[in-house]
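Quick notes on the structure that follows.
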Amino acid sequence: MTSPKHQIDLEELASLAKRRGFVFQSSEIYGGLASTWDYGPLGIELKRKLKELWWDNFVIKQENVFGLDSSIIMHPKVWDASGHTSNFSDPLVECKQCNHRYRSDQIESSECTNCGRELSEPRLFNLMFKTFLGPVEDNSNSTYLRPETAQGIFVNFLNVKNTINKNPPFGIAQIGKSFRNEITTGNFIFRTREFEMMEMEFFVPPEDDDQWHDYWINNSFEWYLNLGLSEKRLRIRKHEPEELAHYSKGTSDIEYLFPWGWGEIAGIANRTNYDLTAHSKESGKELSYFDETTKKHVIPYVVEPSFGLDRAVMALLIEGYTHETLVGAKGKEETRISLRLNPSVAPVQVAILPLSKKEILSELAREIYKNIKSSSLVKPLIYYDETQSIGRRYRRQDEIGTPLCVTVDFESLEDNAVTIRQRDSMDQKRVLINKLEDEIVSLLSNKVHG
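Each residue of the sequence shown is one higher than the one before, counting from 4 in the numbering used here.
Below is the structure:
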């Protein structure tokens, strides 16, 4: 057996993602729309589990974090106050011949890589998608699709504070879509114009900002490790002063080593009191709390852990993708592709496979399937498959990342036992049917925590 292959071709990954129902090109029957993607039956399960795990870690298990779901379209003054109208831009250059566009900070040549002709001088390009409210398209009715979920949290600071009847430290978290009219996109689902974010704004007394910043950096890094990402392919990179955003006192990115190099999958920023101060001035509402110790109104500082959901999906697909050459029973080499996903995020965790489609085996296999699916002890997504040979079905489950396959064979009719096959080691173990639930729980738990 060869060693696993991690430096994969992105086209190879995209092909697997399409073939197995993770990610499809959006509007594909019309030729597709660049940089937009649809998540299929398995992709949506992977995203759903990631969101549940994020919410569990950053909201449910925390003592003082609360949820919110703010609107995508907001009052245009929100974006004036936040600085997005004036500061949220990238430098754009355009080919004078073929009109191909680039971010000027991402190219080294003054010539177009598409046709070799001269590029224009850089000009700033605002990244927000503009839209209009109501039937008339004029500037008085213009607004934007949100480029981040954070501002919806800031403008609801007082609403949430009064609802929970707490002073900082406390956090407000939400998961939702954001939109950025990126000049250049690419690397599959890494950089797109429509994406989903998992963000939290943690409001703290100004004197405690540094310690909370460190806490959320470490907590966020640990969360990625628990998903199954390798520590050697993760790093924390602190921003240099010259690259800090206009609102940031300090920012550290969590980066993953993608095939093209290190790329950001989360950012943890100390936004100080910039946003609340700006919205207080613009709206005339005092976004502060009363400190009983100092007897003063205080505008809190904010620590923001921000995660890209689509980038987390991509990192997990790359991390799990394994290409092996196996030597079969007759000495013939075979290719095996598998996704070694942690069971906590695997779209399908257990597959029930009758050895053949004979009715006597199908009946027993479906009974086992229904029992496991309705069990209160086992709560994974269960899959039933009786099409094609058992070898092809194993390969199919390997490719979608299913950790455990349960095979019902003719011996099962005699000994009331089934065979559990483990995805990564391909080890097989005979287990009594009445002990199957316990064994599945044990194996999945070991893989999650091992």
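Just so it is clear, CB atoms sit at the ideal spot from N, CA and C, and this is done for glycine as well.
This structure is a prediction, so every number in the text was calculated from the model and none was measured.
Exposure label - residue 2; buried when at least 16 CB within 10 Å:
Nothing about residue 2 can be read from this structure; the chain reaches only from 4 to 453.
Between residue 304 and residue 57, what straight-line distance do the alpha-carbon atoms span, to the nearest angstrom?
Indexing the sequence shown from 1 puts residue 304 at position 301. Indexing the sequence shown from 1 puts residue 57 at position 54. If you take the alpha carbons of residue 304 and residue 57, they lie about 23 Å apart.
Keeping to the same chain, check which residues put their C-beta closer than 8 Å to that of residue 336; ignore five residues upstream and five downstream.
Position 333 of the sequence shown, counted from the start, is the residue given in the question as residue 336. For residue 336, where only same-chain residues beyond five positions count, the Cβ hits under 8 Å are 328, 329, 330.
Alpha-carbon to alpha-carbon, residue 229 and residue 324:
By 1-based counting over the sequence shown, the position of residue 324 is 321. By 1-based counting over the sequence shown, the position of residue 229 is 226. Cα-Cα distance, rounded: 18 Å.
Where residue 250 sits in the DSSP three-state scheme:
Against the sequence shown, residue 250 aligns to sequence position 247. Coil.
Can you tell me which of 141, 73, 306, 199 puts its alpha carbon nearest to the alpha carbon of residue 217?
The residue labelled residue 217 in the question sits at position 214 within the sequence shown. Measuring from the Cα of residue 217, the nearest candidate turns out to be 306.
Where does the unbroken alpha helix (DSSP H) through residue 26 begin, and where does it stop?
Residue 26 sits at position 23 when you count from the first residue of the sequence shown. Segment 26–28 is the beta strand (DSSP E) holding residue 26; no alpha helix (DSSP H) there.
C-alpha distance - residue 457 paired with residue 36, whole-angstrom precision:
Absent from the structure is residue 457, since the part of the chain shown begins at 4 and ends at 453.
Local Cβ density within 10 Å of residue 7, reported as buried at 16 or more and exposed below that
Along the sequence shown, read from residue 1 onward, the residue named residue 7 stands at position 4. Unreliable placement is indicated for residue 7, whose pLDDT of 44 sits below 50; no coordinate value is reported for it.
Beta bridge counterpart(s) of residue 203 as assigned by DSSP:
Taking the sequence shown and counting its residues from 1, one reaches residue 203 at position 200. 176.
Residues near residue 338 in its chain [Cβ-Cβ closer than 8 Å; skip 5 each side]:
Along the sequence shown, read from residue 1 onward, the residue named residue 338 stands at position 335. Same-chain partners within the cutoff: 326, 327, 328, 329.
For the segment 124–144 against the segment 249–261, are there 3 or more C-beta pairs whose distance is under 8 Å?
no
Report yes if the CB atom of residue 75 is closer than 8 Å to the CB atom of residue 149, and no otherwise.
Numbered from its first residue, the sequence shown carries residue 75 at position 72. Numbered from its first residue, the sequence shown carries residue 149 at position 146. Yes, the Cβ-Cβ distance between residue 75 and residue 149 is below 8 Å.
Going residue by residue through the segment 248–286, where are the continuous beta strand (DSSP E) segments of at least 3 residues, counting only ones entirely within it?
253–261, 264–275
Let me make sure I understand the geometry here. Which of 444, 438, 403 has the alpha-carbon closest to that of residue 427?
Looking up residue 427 in the sequence shown gives position 424. Considering only alpha carbons, the answer is 403.
Can the beta-carbon of residue 317 be found closer than 8 Å to that of residue 193?
Translated into the one-based positions of the sequence shown, residue 317 becomes position 314. Translated into the one-based positions of the sequence shown, residue 193 becomes position 190. The answer is yes: Cβ separation under 8 Å.
With burial defined as no fewer than 16 other Cβ atoms inside 10 Å of the residue's Cβ, what is the status of residue 50: buried or exposed?
For this step, residue 50 is matched to residue 47 along the sequence shown. Looking at its Cβ environment, which holds 16 or more other Cβ atoms inside 10 Å, residue 50 is buried.
I need the boundaries of the beta strand (DSSP E) containing residue 407, first residue and last residue.
Against the sequence shown, residue 407 aligns to sequence position 404. Per DSSP, residue 407 belongs to the beta strand (DSSP E) from 407–411.
Start and end of the alpha helix (DSSP H) containing residue 371?
Walking along the sequence shown from the start, residue 371 turns up at place 368. Segment 362–376, the alpha helix (DSSP H) holding residue 371.
Ordered list of beta strand (DSSP E) runs contained in the segment 128–169, each at least 3 residues
133–135, 145–147
Thinking just about the alpha-carbon of each residue, which of 17, 44, 24, 22 is nearest to the one in residue 38?
Taking the first residue of the sequence shown as position 1, residue 38 is located at position 35. Measuring from the Cα of residue 38, the nearest candidate turns out to be 17.
In the DSSP assignment, what residue or residues form a beta bridge with residue 183?
Here residue 183 corresponds to residue number 180 of the sequence shown, with the count starting at 1. According to DSSP, residue 183 bridges with nothing at all.
So the candidates are 356, 371, 87; which of them puts its Cα closest to the Cα of residue 397?
What you label residue 397 is simply residue 394 of the sequence shown in a count that begins at 1. Residue 397 has its Cα closest to that of 356, out of 356, 371, 87.
Given this structure, state the Cα-to-Cα distance separating residue 162 from residue 145, to the nearest angstrom.
The residue you call residue 162 lines up with position 159 of the sequence shown. The residue you call residue 145 lines up with position 142 of the sequence shown. Going from the Cα of residue 162 to the Cα of residue 145 covers about 26 Å.
Rounded to whole angstroms, what's the CA-CA distance from residue 442 to residue 177? Just pull it up for me.
Working through the sequence shown from its first residue, we reach residue 442 at position 439. Working through the sequence shown from its first residue, we reach residue 177 at position 174. Spanning the two alpha carbons is a distance of roughly 36 Å.
With 16 other CB atoms within 10 Å as the buried threshold, where does residue 220 fall?
Working through the sequence shown from its first residue, we reach residue 220 at position 217. By the neighbour-count rule (16 or more Cβ atoms within 10 Å), residue 220 is buried.
Beta-carbon contacts of residue 201 that lie in its chain and below 6 Å, excluding the five residues immediately before and after:
For the purposes of this step, residue 201 is taken as the residue at position 198 of the sequence shown. Cβ neighbours of residue 201 beyond the five flanking positions: 57, 178, 310, 312.
Going by C-alpha distance, which of 244, 208, 154 is nearest residue 278?
The residue you call residue 278 lines up with position 275 of the sequence shown. Minimum Cα distance to residue 278 is reached at 154.
Using DSSP's beta-bridge definition, name the partner residues of residue 421.
Position 418 of the sequence shown, counting from 1, holds the residue named residue 421. The partner list for residue 421 (beta bridge, DSSP) reads 434.
Under 8 Å: do the segment 404–420 and the segment 340–356 share three or more Cβ pairs, one atom per stretch?
yes
Output the distance between the C-alpha atoms of residue 5 and residue 395, rounded to the nearest integer angstrom.
The sequence position of residue 5 within the sequence shown is 2, counting from 1. The sequence position of residue 395 within the sequence shown is 392, counting from 1. Here residue 5 scores only 43 on pLDDT, less than 50, and its place in the model should not be relied on; the value that follows carries that caveat. Distance between the alpha carbons of residue 5 and residue 395 is about 21 Å.
The alpha helix (DSSP H) enclosing residue 88, as first and last residue numbers
Position 85 of the sequence shown, counted from the first residue, corresponds to residue 88. Run containing residue 88: 87–90, per the alpha helix (DSSP H) assignment.
Leaving aside the five residues before and after residue 288 along the sequence, list all residues of the same chain whose C-beta is less than 8 Å from its C-beta, in chain order.
Along the sequence shown, one-based indexing puts residue 288 at 285. Closer than 8 Å at the Cβ level, and outside the excluded window around residue 288, lie 161, 282.
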